[in-house]
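Residue numbers (my numbering): 2 to 124.
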Amino acid sequence: MGLLTMICSLFGCNAHSPRFESLSAEDYAKAIHDTAVVRLDVRTAEEFAAGHIDKAINIDVTQSDFEATAIASLPKDRTIAVNCRSGKRSKRAAEILVKNGFKVIELDSGFSGWVSAGFPISK
Numbered sequence: 002m003g004l005l006t007m008i009c010s011l012f013g014c015n016a017h018s019p020r021f022e023s024l025s026a027e028d029y030a031k032a033i034h035d036t037a038v039v040r041l042d043v044r045t046a047e048e049f050a051a052g053h054i055d056k057a058i059n060i061d062v063t064q065s066d067f068e069a070t071a072i073a074s075l076p077k078d079r080t081i082a083v084n085c086r087s088g089k090r091s092k093r094a095a096e097i098l099v100k101n102g103f104k105v106i107e108l109d110s111g112f113s114g115w116v117s118a119g120f121p122i123s124k
């Protein structure tokens, strides 16, 4: 492990750093104001039905077919804005999407942070 760390420090490896940006609720709201950004909610269908960010689509990251469904249905030429309840699942989804060539931003505080910040929701 020490050798890998040394090599990465010499050559600037980013093996463990995400290749997506985590945004505050305020910055996320600004980013998704752009209609070219695809809003993706990765919570369960039940959570999504209880309330979600307007114009979001729902693909549950806990389902075994998440990766295949996302690849088949999301455009690679547009930024994907990912959210979940608290920010944990959205980071997992963001990693999967980035690995497959998507440009991704994610809501660091999740849907809970969105609601706490006073932003509107849809049902």
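Positions of the beta carbon are idealized from the N, C-alpha and C atoms, including for glycine.
Terminal residues of the alpha helix (DSSP H) in which S87 lies:
Segment: none, S87 is in no alpha helix (DSSP H) and carries neither H nor E.
Which residues in the same chain as V39 place their Cβ atom closer than 8 Å to its Cβ, once the five residues preceding and following it in sequence are excluded?
I58, L75, P76, R79, T80, I81 and A82
Nearest by alpha-carbon distance to K124: which of A37, F49 and L41 is it?
F49
Residues in its own chain within less than 7 Å of G111 by CB, not counting five upstream and five downstream?
Same-chain partners within the cutoff: N84, C85, R86, S87, G88 and S91.
Sorted by chain position, which residues of the same chain lie with C-beta nearer than 6 Å to G114's C-beta, five sequence neighbours on each side aside?
A26
Count the other CB atoms, across all protein chains shown, that sit within 10 Å of the CB of I122; report buried if there are 16 or more and exposed otherwise.
exposed
Keeping to the same chain, check which residues put their C-beta closer than 6 Å to that of V99; ignore five residues upstream and five downstream.
R20, F21 and V105
Do you know how far the Cα of D35 is from the Cα of R44?
22 Å
Going straight from the alpha carbon of I97 to that of F120, what length do you get?
27 Å
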